[in-house]
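Protein sequences, first through last, are from chains P and Y. Counting from 1, position 231 in the first sequence corresponds to residue 796 in my numbering; the numbering is continuous, with no gaps. Counting from 1, position 189 in the second sequence corresponds to residue 252 in my numbering; the numbering is continuous, with no gaps. Remarks on the structure that follows.
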Amino acid sequence: MTGEKDVVIEVEGLLSQFGDRVIHEDLDLTVEKGQILGVVGGSGTGKTVLLNTIIGLKEPDGGVVRLLGHDMAAATKEELADIERRTGVLFQQGALFSALSVLQNVASPLVEHTDLPRSLIEEIAAMKIALVGLGPESHHLKPAELSGGMRKRAGLARALALDPELLFLDEPTAGLDPIGAAAFDELIRSLADDLGLTVFMITHDLDSLYAICDKVAVLADKHVVNTATVSELERSDHPWIREYFHGPRGRAAHRTG
Amino acid sequence: MATADFEIESDEAGARLRLIGDWTTAGLSRHRGRLGPRLGRELGDRSVKALDLSDMGRLDTTGALILSRVLGRDLDADAWSSRPEAGRIYQRVVKVECNEGKPLKRTRGLTRMFAKIGHGVYDIGGEAILSMAFLGRLITATGSALKHPGRIRWPAWVSQIERAGLDAIPIVAVTSFFIGAVVAFIGADLLQQFGFDVFAVELIAISVLREFAVVIAAILLAGRSSSSFAAEIGSMKMNQEIDAMQVMGVNPFQALVIPRLAAMVIMLPLLTFIAMLAGLFGGALVAWSQLSLGPDFFLQRLGTITDIGNHLFVGLVKAPVFAVVVAAIGCRQGMAVSGDVESLGRRVTAAVVQAIFAIIFLDAVFALIFLELNL
């Protein structure tokens, strides 16, 4: 680790529970600046709960979450607004506002957080839409008129609207065909490289792990059992990790990856 | 965060642009977007040959977009050599800007207005055909439900009767109570002027039994149940539950529409009767307090109204018809929901508006029919 300043996300001793059901216990996680971190884990291990806790949608039942150097529990209104401006989130279903067109969706964070004139905001939004590979013909479409892949791209464009340093992606390639998923992986990798993004990505997609993740955090037994590169994880003794990487799908991804 | 700014130094080779501060969305927001045009103006027709990035903070795609609009592509690639990461962002934005075609122009407001009117007219025809189709499917589904009573889903019936019927009793009773009271107040005031106080009882009884009880109950159910039918069935449609039923061989009309229709047809007459009692009670209370006509007298007077049975019959006979209208319109609009949330909202609104309109319209038709029949 190269000093305190380069840690973007820091989770310490996180406890999450719903009633008596404990989801996370004593969970530690750090993400360094510029890293693409993949988060994997079986269904129901609380990957999305972890994401929601980090971005502040759910209050932790114990432990500390520090985002961009701010303690989320103790952050003032200004600090929270600053964090909101510097992070972008792509939800699993895209979560586009269904009453607004694609262009308005992408423009909405800019309208909310900046004093730029309307015409410039639309130009910026159009540029972001082009950046994620959607054509100008999509500008005036409503989310209901988009295909699954286009909706993901539009969601990514909205997440990128304020040029965040930190990007959260919840299963970005789920529901995409393999070609579309590979293209999306490539897009995220190149955007992360060029724009210097830090990416926190929940995924089930082994190909994504091999293709773009610098490090992978494995959620099992209610905490992060290991954070390492894919090749290190392949040599892990943990039964779930072994099953994950050496099962039939893991081997297939390894061959191609 | 430092505000974005710039300085231009000029020599024979060309202009040298010194970028200061953060060229980011937030940094540029301080200028309300006027920095790009100012840079263009001050630069005039000079072209930038070199960049001084020593005082530049961060650059993001918004900053790059504004710069690229002014500087364009005639900037040397190695101008960014002191800040390669900023150069990558700039190159990426320039590339995207070049590839992008002209965005589609939105059609003008006037054209859109006429298009909307045209669509509206066209949709009325489509809606009418769909309504007929719905009515046809409803009739066949009712027929087959009557033919195979063994297949009727009793649990669904009972739960609908509870939710749409029993749970509505308090609101129907209270509303009708107040309507009866209001009629009594107005009647008492008017009739007292002529000295016909006692006729207030007739006024209350006839208006409540014939019209108010059934219309108030039906309109309340239109607001309460028609909307919830449309929302329930609509969100099931969005969730592909209706499709899942169809592949399992379950007729959605049998499973969703018939129980709701039956619950309405059973419960609306009952609610109407409760509304009648509550309305008469409200009227009697006002007659007692305003006109000093005691409950005993009120009841006795009620008994002497010659065709009170007819008024009761006229009120109750309308209830099942209104019930079919409320349930059918709610379910019909629910079935018509398409994929997006906006259409759900539109359909729920349409369900309530159409149901209330249909109730009032049918009430007028009934009034004409009963007038002809001398009831």
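Just so you know, even glycine gets a beta-carbon here, dropped at the ideal spot from N, CA and C.
Residue j beta carbon less than 7 Å from that of residue i
i	j	result
residue 386 of chain Y	residue 349 of chain Y	no
residue 642 of chain P	residue 671 of chain P	no
residue 589 of chain P	residue 611 of chain P	yes
residue 86 of chain Y	residue 135 of chain Y	no
residue 251 of chain Y	residue 354 of chain Y	yes
residue 635 of chain P	residue 644 of chain P	yes
residue 330 of chain Y	residue 224 of chain Y	yes
residue 272 of chain Y	residue 263 of chain Y	no
residue 74 of chain Y	residue 663 of chain P	no
residue 782 of chain P	residue 604 of chain P	yes
residue 265 of chain Y	residue 368 of chain Y	yes
residue 231 of chain Y	residue 287 of chain Y	yes
residue 591 of chain P	residue 578 of chain P	yes
residue 112 of chain Y	residue 84 of chain Y	no
residue 381 of chain Y	residue 429 of chain Y	yes
residue 222 of chain Y	residue 393 of chain Y	no
residue 270 of chain Y	residue 246 of chain Y	yes
residue 229 of chain Y	residue 297 of chain Y	no
residue 774 of chain P	residue 789 of chain P	no
residue 679 of chain P	residue 88 of chain Y	yes
Option in the options with minimal Cα separation from residue i
i	options	result
residue 697 of chain P	P/756, P/732 and P/784	P/756
residue 597 of chain P	P/605, P/631 and P/606	P/631
residue 192 of chain Y	Y/412, Y/300, Y/434 and Y/395	Y/395
residue 114 of chain Y	Y/205, Y/424, Y/220 and Y/153	Y/153
residue 826 of chain P	P/745, P/748, P/767 and P/627	For chain P, the structure presents residues 566 to 822; residue 826 of chain P sits outside this window and is missing.
residue 364 of chain Y	Y/430, Y/408, Y/268 and Y/305	Y/268
residue 284 of chain Y	Y/236, Y/341, Y/110 and Y/399	Y/236
residue 785 of chain P	P/626, P/801 and P/806	P/806
residue 739 of chain P	P/718, P/704 and P/758	P/718
residue 779 of chain P	P/627, P/792, P/810 and P/594	P/792
residue 658 of chain P	P/809, P/714 and P/761	P/714
residue 752 of chain P	P/710, P/776, P/801 and P/581	P/776
residue 279 of chain Y	Y/96, Y/234 and Y/211	Y/234
Any C-beta of chain Y under 7 Å from that of residue i
i	result
residue 779 of chain P	no
residue 680 of chain P	yes
residue 567 of chain P	In this predicted model, residue 567 of chain P has a pLDDT of only 41, less than 50, meaning its place in the structure is not dependable enough to derive any value.
residue 802 of chain P	no
residue 689 of chain P	yes
residue 673 of chain P	no
residue 809 of chain P	no
residue 685 of chain P	yes
residue 783 of chain P	no
residue 735 of chain P	no
residue 732 of chain P	no
residue 727 of chain P	yes
Beta carbon proximity, residue i to chain P, threshold 7 Å
i	result
residue 66 of chain Y	no
residue 159 of chain Y	yes
residue 151 of chain Y	yes
residue 155 of chain Y	yes
Interface flag, residue i vs chain B, CB-CB below 7 Å
i	result
residue 144 of chain Y	Reference to chain B is not applicable here, since the protein chains of this structure are P and Y.
**Study point:** Where the stretch 122 to 147 of chain Y meets chain P: residues whose CB sits under 7 Å from a CB there
**Key:** Residues are counted here when their Cβ sits less than 7 Å from a Cβ of chain P; for the stretch 122 to 147 of chain Y these are 123, 124, 125 and 128, given in chain order.
Review point. According to a CB-to-CB cut-off of less than 7 Å, which residues of the stretch 385 to 408 of chain Y neighbour chain P?
Key: Within the stretch 385 to 408 of chain Y, the residues whose Cβ lies closer than 7 Å to some Cβ of chain P are 402, 403, 404 and 405, listed in chain order.
Practice item. With 9 Å as the limit, tell me which residues of the stretch 744 to 776 of chain P have their beta carbon closer than that to any beta carbon of chain Y; keep them in chain order. Key: Within the stretch 744 to 776 of chain P, the qualifying residues are 755, 756, 758, 759, 760 and 761.
Point to revise | Inter-stretch contact at 8 Å, needing at least 3 Cβ pairs: the stretch 726 to 743 of chain P / the stretch 650 to 657 of chain P | key: Because the criterion of three Cβ pairs below 8 Å is met, the stretch 726 to 743 of chain P and the stretch 650 to 657 of chain P touch.
Review point. Within the chosen definition, does the stretch 411 to 420 of chain Y reach the stretch 299 to 314 of chain Y through at least 3 CB pairs nearer than 8 Å?
Key: Short answer: they don't touch.
**Study point:** Interfacial residues, the stretch 83 to 97 of chain Y to chain P, with Cβ spacing under 8 Å
**Key:** Contact residues of the stretch 83 to 97 of chain Y toward chain P are 87, 88, 89, 91, 92, 93, 95 and 96 (C-beta to C-beta distance below 8 Å).
**Study point:** Cβ-based contacts, 8 Å cut-off: residues of the stretch 693 to 723 of chain P near chain Y
**Key:** The stretch 693 to 723 of chain P vs chain Y, Cβ under 8 Å: 693, 695, 696, 700, 701, 702, 704, 705, 707, 708 and 709.
**Study point:** Residues of the stretch 227 to 242 of chain Y with Cβ closer than 9 Å to any Cβ of chain P, in chain order
**Key:** Here the close residues number zero.
**Study point:** Under 7 Å (Cβ pairs) to chain Y, residues found in the stretch 637 to 670 of chain P
**Key:** For the stretch 637 to 670 of chain P, the set of residues with a beta-carbon nearer than 7 Å to any beta-carbon of chain Y comprises 650, 663 and 664, in chain order.
Point to revise | Cβ contact (3+ pairs, closer than 8 Å) linking the stretch 718 to 728 of chain P and the stretch 673 to 687 of chain P | key: Output reads yes: the stretch 673 to 687 of chain P touches the stretch 718 to 728 of chain P.
Exercise for review: Would you list, in chain order, the members of the stretch 569 to 586 of chain P that have their beta-carbon closer than 8 Å to a beta-carbon of chain Y?
Suggested key: From the stretch 569 to 586 of chain P, no residue has a Cβ closer than 8 Å to chain Y.
Exercise for review: Would you check if there are 3 or more beta carbon pairs closer than 8 Å linking the stretch 372 to 379 of chain Y to the stretch 292 to 311 of chain Y?
Suggested key: No, the stretch 372 to 379 of chain Y does not touch the stretch 292 to 311 of chain Y.
Exercise for review: Quick one: which residues of the stretch 302 to 316 of chain Y get their C-beta closer than 9 Å to a C-beta of chain P? List them in chain order.
Suggested key: Cβ contacts with chain P: none found.
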